[in-house]
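> Following this note's numbering, the numbering of the sequence shown begins with 94 at its first residue and continues without gaps.
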Amino acid sequence: MIVDSHQNDMENKEKPIKTYVEILRNDLTQLFAFFEQGLNDNKMVYEFWDAKDVLGHLTFWHESFARNISDLGQGIKPNPLTGKLSEVNKQSVETTTHESTENLIQRMKHAQNTIEAFIFEDTIDKIPYKKGSLDYSKIEHLEIVSNHIRKHLKDIRKTYGQTKK
Numbered sequence: 094m095i096v097d098s099h100q101n102d103m104e105n106k107e108k109p110i111k112t113y114v115e116i117l118r119n120d121l122t123q124l125f126a127f128f129e130q131g132l133n134d135n136k137m138v139y140e141f142w143d144a145k146d147v148l149g150h151l152t153f154w155h156e157s158f159a160r161n162i163s164d165l166g167q168g169i170k171p172n173p174l175t176g177k178l179s180e181v182n183k184q185s186v187e188t189t190t191h192e193s194t195e196n197l198i199q200r201m202k203h204a205q206n207t208i209e210a211f212i213f214e215d216t217i218d219k220i221p222y223k224k225g226s227l228d229y230s231k232i233e234h235l236e237i238v239s240n241h242i243r244k245h246l247k248d249i250r251k252t253y254g255q256t257k258k
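Written out as structure tokens, the structure reads:
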């Protein structure tokens, strides 16, 4: 049996990315499950952010990742977020605060679909994060996003007296 070595190389490159995509999907599923419990999402998690603000913040950043990877996949120069991280994070909440929890979840799911549509593109090597910061490989970016979601979800669960089951 003759094996196409190019196809084999592709499968070997995609396997670790698939693993990180699955981890991210799992993290998102847990995040959505928390918010779909119907709890009061106005409980303060941090000094200035309640649980819904945190969801808005995560959605904002997920959409940024989706825009940047989509632009790269379509041959368009990405226009990553600009400004100090503290300013961008403040913007992430200010621009999503009037959205419903359900809408934020839908937006995040849409962003995830966009990310998955482009994450396996061979033409994409490094993905910008924010102007003035490092660009990251696909795996690094997926790992950073998963860690970001897990960190905030842990803090949210702690606030609500829930631990991971």
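For each residue, glycine too, the CB sits at the ideal point set by N, CA and C.
Buried or exposed, going by whether 16 or more other CB atoms sit within 10 Å of the CB of residue 249?
Classification of residue 249: buried, given that the 10 Å Cβ count is 16 or more.
> Using 8 Å as the cut-off, can you tell me whether the segment 178 to 192 makes contact with the segment 124 to 137, which would need three or more C-beta pairs spanning the two stretches below that distance?
The segment 178 to 192 is not in contact with the segment 124 to 137.
> Per DSSP, what kind of secondary structure is residue 178 in: helix, strand or coil?
Residue state, collapsed to three classes: helix.
> With DSSP run on the structure shown, which of helix, strand or coil describes residue 108?
Helix at residue 108.
> Under the three-state reduction of DSSP, which class applies to residue 220: helix, strand or coil?
If DSSP states are grouped into helix, strand and coil, residue 220 belongs with the strands.
> State yes or no: is the C-beta of residue 232 within less than 8 Å of the C-beta of residue 110?
Yes, they are a contact pair.
> Can you have a look at residue 119 and say buried or exposed, based on whether 16 or more other CB atoms are within 10 angstroms of its CB?
Classification for residue 119: exposed.
> Quick check on residue 100: buried or exposed, where buried means 16 or more other Cβ atoms within 10 Å of its Cβ?
In this prediction, residue 100 scores a pLDDT of 48, lower than 50, which makes its location untrustworthy; the coordinate-derived value is nonetheless stated afterwards. Exposed, since its Cβ has fewer than 16 Cβ neighbours within 10 Å.
> Counting only the same chain and skipping the five closest in sequence on each side, list residues whose C-beta sits under 7 Å from that of residue 146.
For residue 146, where only same-chain residues beyond five positions count, the Cβ hits under 7 Å are 186 and 190.
> For residue 239, which residues of its own chain have a beta-carbon under 6 Å away from its beta-carbon, when the five flanking residues on both sides are left out?
So the list reads 116, 117 and 120, once near-sequence residues are dropped.
> Check for me: the alpha helix (DSSP H) holding residue 155 runs from which residue to which?
Segment 144 to 166, the alpha helix (DSSP H) holding residue 155.
> Nearest-angstrom Cα distance between residue 177 and residue 155?
Taking the straight line joining both Cα atoms gives about 18 Å.
> Say whether chain B places a C-beta atom closer than 8 Å to the C-beta of residue 236.
Within the model displayed, chain B is absent; a lone protein chain is all it includes.
> Please report the distance separating the alpha-carbon of residue 241 from that of residue 140.
So the two alpha carbons sit approximately 18 Å from each other.
> Checking the sheet assignment: what are the DSSP bridge partners for residue 137?
143, per the DSSP bridge assignment.
> Between which two residues does the alpha helix (DSSP H) carrying residue 192 extend?
Counting along the chain, residue 192 falls outside any alpha helix (DSSP H), and DSSP gives it neither H nor E.
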